[in-house]
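Taking it in order: structure first as structure tokens, then the write-up.
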Amino acid sequence: MKATQGAGKGKRIMGGKPHEGVDAAGATTTAHGAAPSGRVPIPRSAVRLPLEVSTHLECRWRDGKYYPARIIERRRVEDGAEDEYEYYVHYRKFNRRMDEWVALDNFNLDTVCPPEPPEPGEGGRTRNQKRKVDDDHSEEEGEGHEDFDPQQLREHEEFTKVKNIEKIELGRFEMETWYYSPFPPEYRDCRKLYFCEYDLQFFRHRHQMLRHLKKVKLLHPPGTEIYRNGNISMFEVDGRKAKTFCQNLCYLAKLFLDHKTLYYDVDLFLFYVMCECDERGAHVVGYFSKEKASEEGFNLACILTLPAYQRRGYGKFLISFSYELSKIEGKVGTPERPLSDLGLVSYRSHWTRVLLNILKQTEGAISIKDLSDMTMFKTDDIISTLQ
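Here the numbering used here is used: the first residue of the sequence shown is 12, the next is one more, and so on.
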């Protein structure tokens with residue numbers, strides 16, 4: 012599993028510096044008839060429908076502005092005309108969690124650049140695809156992928172290029188998903204899944220979930236409550252003892268984590284599930300997981316605050332809680348790498364805040380080792396934060 016921390020939907024979406032042809036706000040400023048991809052678009056009269064996969068063009072996003080995009084997939088519109096399609100697009104320089112299905116009228120058809128034909132003997136890739144593969148990953152994904160091999164990224168993104176579930180319902184919230192999750196085949200054509208908020212069983216239809224909910228007896232995660240403050244509780248759940256719950260949690264989490272890799276092998280992990288509690292029970296808001304015995308000294312493998320509960324400080328609380336456990340164990344800890352872009356921001360913020368508070372309260376000199384002993388931060392993390 013990979014450590015990551017999500018942000019509120021539609022906020023931090025751009026990675027790196029604005030590219031040529033995009034102003035500081037991200038709005039397209041295509042000049043001299045050049046398309047977003049740098050190629051010259053074909054005349055409007057030459058555009059043929061339906062548009063092909065890998066076509067580059069401008070697409071209107073939710074803010075009403077047009078951004079450079081690439082068509083990843085297409086499908087016929089349900090109950091639509093035979094030649095009516097919708098398109099799955101990736102916005103260049105946006106994180107993949109912003110990929111979405113759009114209708115034809117979202118495109119600026121004056122900027123269409125058809126896909127280049129593949130070169131013989133090159134595995135179906137065009138010259139530009141081969142030349143730009145490294146640049147595309149750094150541009151489109153932002154920070155957080157430096158530790159990934161480009162070939163691994165290509166394989167991962169090809170396999171997970173289209174979200175298989177578009178929305179979920181969990182408790183009183185409906186949430187748009189961000190990424191692909193490897194649900195069993197019978198669920199992969201569902202546009203919306205319904206989760207029981209207590210045991211995280213998932214269903215194709217709401218009436219199935221409601222019928223299941225009537226049979227649920229345990230109204231909190233199947234583990235030991237190890238912390239409570241007001242209406243906030245933390246439950247420690249053993250992946251070996253509560254395998255189904257933890258696997259369901261992984262399915263759910265993968266919808267919001269790009270490079271999370273643990274789905275079924277949960278026996279070796281502990282899951283620390285954060286809940287908001289009321290008279291109806293304990294409602295999952297986020298979690299982090301850690302290996303029971305990590306040779307590398309990792310005190311956290313995955314971390315997620317569900318989108319409906321973000322921007323409430325819960326992510327910071329989960330990070331702090333992981334280090335409090337390290338203090339109890341008497342072991343220096345660090346999150347598993349690689350961190351996502353948002354995970355790295357969250358951790359740097361936590362490390363900076365804790366270290367500055369200590370330094371402000373300390374008179375005279377203090378060593379890196381002393382800081383590590385006080386915080387259980389790894390010395391490498393302390394040094395990188397203070398530099």
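Glycine included, C-beta positions come from ideal geometry on N, C-alpha and C.
Computed from a prediction, not measured in an experiment: that's the story for all the values here.
#1: List the endpoints of the continuous beta strand (DSSP E) containing T171.
#2: Between the beta-carbon of A319 and the beta-carbon of S244, is there less than 7 Å?
#3: Per the DSSP calculation, M285 is bridged to which residue(s)?
#4: Compare the beta carbon distance of I83 and Y96 with 7 Å and say whether it is the shorter of the two.
#5: In three-state terms, what does DSSP make of R215?
#6: Whole angstroms are fine: how far does the CA of F206 sit from the CA of V365?
#7: Is H401 helix, strand or coil when you go by DSSP?
#8: Tell me the rounded alpha-carbon separation between G75 and Q398.
#9: Does F184 pass the burial test, meaning 16 or more other C-beta atoms within 10 Å, or should it be called exposed?
#10: When you compare only the Cα positions, how much space is there between M285 and Y191?
#11: Using 8 Å for Cβ pairs, my map puts C313 next to S300. What's the rounded Cβ distance?
#12: Quick check on the DSSP output: what are the complete alpha helix (DSSP H) runs of length 4 or more inside the stretch 326-395, in order along the chain?
#13: Ignore the nearest five residues each way along the sequence and tell me which others in P125's own chain have a CB closer than 8 Å to its CB.
#14: With DSSP as the reference, label Y78 as helix, strand or coil.
#15: Tell whether a beta-carbon distance below 7 Å holds between T122 and L60.
#16: I need the straight-line Cα distance from T390 to E187, nearest angstrom please.
#17: Which residue or residues does DSSP assign as beta-bridge partners of M186?
#18: Could you pull out every residue in the same chain whose Cβ sits closer than 8 Å to the Cβ of S56, ignoring the five residues on either side in sequence?
#19: Just to confirm the assignment, what range does the beta strand (DSSP E) spanning N209 have?
#20: Would you report the Cα separation of V58 and V51, rounded to the nearest angstrom?
#21: Could you tell me if D392 is buried or exposed, where buried requires 16 or more neighbouring beta carbons within 10 angstroms of its beta carbon?
#22: Given 8 Å as the limit, is there contact between the stretch 324-332 and the stretch 367-382, that is, 3 or more CB pairs closer than that?
#23: When you compare each of Y209, D352 and A92 to G234 by their alpha carbons, which one comes out closest?
#24: Figure out for me which residue from R73, G91, P128 and E93 has the closest Cα to the Cα of D110.
#25: What are the uninterrupted segments assigned as beta strand (DSSP E) that are 3 or more residues long and contained completely in the stretch 85-120, given in chain order?
#26: Should P79 go down as buried or exposed, given a rule of 16 or more other Cβ atoms within 10 Å for buried?
#27: Would you call the stretch 380-387 and the stretch 336-347 in contact, with 3 or more CB pairs under 8 Å?
#28: Taking the beta carbon of E306 as the centre, do at least 16 other beta carbons fall within 10 Å, making it buried, or is it exposed?
#29: Classify E89 as buried or exposed, calling it buried when 16 or more other Cβ atoms lie within 10 Å of its own Cβ.
#30: Would you kindly work out how many angstroms separate the C-alpha atoms of L263 and L204, rounded to a whole number?
Result, derived from the coordinates:
#1: Taking the first residue of the sequence shown as 1, we reach residue 171 at position 160. No beta strand (DSSP E) contains T171, which DSSP labels as neither H nor E.
#2: Here the question's residue 319 lines up with position 308 in the sequence shown. Here the question's residue 244 lines up with position 233 in the sequence shown. Not closer than 7 Å, so no.
#3: Looking up residue 285 in the sequence shown gives position 274. Note: M285 is bridge-paired with M245 and G297 in the DSSP secondary-structure output.
#4: Against the sequence shown, residue 83 aligns to sequence position 72. Against the sequence shown, residue 96 aligns to sequence position 85. Contact flag unset, no.
#5: The residue you call residue 215 lines up with position 204 of the sequence shown. Residue state, collapsed to three classes: coil.
#6: As a working note, residue 365 is residue 354 in the sequence shown. As a working note, residue 206 is residue 195 in the sequence shown. Each residue's Cα considered, the two are about 37 Å apart.
#7: In the structure as shown, the chain begins at 12 and stops at 398. Residue 401 is therefore absent and cannot be evaluated.
#8: Taking the first residue of the sequence shown as position 1, residue 75 is located at position 64. Taking the first residue of the sequence shown as position 1, residue 398 is located at position 387. Distance between the alpha carbons of G75 and Q398: 41 Å.
#9: One-based indexing of the sequence shown puts residue 184 at position 173. When all chains shown are included, F184 counts as exposed.
#10: Counting from 1 along the sequence shown, the entry for residue 285 is found at position 274. Counting from 1 along the sequence shown, the entry for residue 191 is found at position 180. Rounded to whole angstroms, M285 to Y191 spans 24 Å at the Cα level.
#11: Within the sequence shown, numbered from 1, the residue matching residue 313 stands at position 302. Within the sequence shown, numbered from 1, the residue matching residue 300 stands at position 289. Right, their Cβ atoms sit about 5 Å apart.
#12: 352-372 and 379-386
#13: Working through the sequence shown from its first residue, we reach residue 125 at position 114. So the list reads I53, E63 and T66, once near-sequence residues are dropped.
#14: Here residue 78 is taken as the residue at index 67 of the sequence shown, counted from 1. Y78: strand per DSSP, three-state reduction.
#15: Mapped onto the sequence shown, residue 122 falls at position 111. Mapped onto the sequence shown, residue 60 falls at position 49. Cβ atoms of T122 and L60: not closer than 7 Å.
#16: In the sequence shown, the residue the question calls residue 390 occupies position 379. In the sequence shown, the residue the question calls residue 187 occupies position 176. Each residue's alpha carbon lies about 38 Å from the other.
#17: Start at 1 with the first residue of the sequence shown, and residue 186 comes out as number 175. In the DSSP output, where bridge partners are listed per residue, M186 has I179.
#18: Reading the sequence shown from its first residue, position 45 is the one you call residue 56. If we look at S56 and ignore the five residues flanking it on each side, it has no Cβ neighbours.
#19: On the sequence shown, residue 209 is found 198 positions in, with the first residue counted as 1. In the sequence on display, residue 209 carries Tyr and not Asn. Neither: Y209 is in no beta strand (DSSP E) and is coded neither H nor E.
#20: The residue you call residue 58 lines up with position 47 of the sequence shown. The residue you call residue 51 lines up with position 40 of the sequence shown. Computed Cα separation, rounded: 13 Å.
#21: Position 381 of the sequence shown, counted from the start, is the residue given in the question as residue 392. Its Cβ being crowded by 16 or more others within 10 Å, D392 is buried.
#22: no
#23: Start at 1 with the first residue of the sequence shown, and residue 234 comes out as number 223. Measuring from the Cα of G234, the nearest candidate turns out to be Y209.
#24: Residue 110 sits at position 99 when you count from the first residue of the sequence shown. Of the candidates R73, G91, P128 and E93, the one whose C-alpha sits nearest the C-alpha of D110 is R73.
#25: You should have 96-102 and 111-114.
#26: Your numbering for residue 79 matches position 68 in the sequence shown. Buried is the call here.
#27: yes
#28: Numbered from its first residue, the sequence shown carries residue 306 at position 295. Flag for E306 reads exposed.
#29: Taking the first residue of the sequence shown as position 1, residue 89 is located at position 78. The residue in question, E89, is exposed, as its Cβ has fewer than 16 Cβ neighbours within 10 Å.
#30: Position 252 of the sequence shown, counted from the first residue, corresponds to residue 263. Position 193 of the sequence shown, counted from the first residue, corresponds to residue 204. Their backbone Cα atoms lie some 10 Å apart in a straight line.
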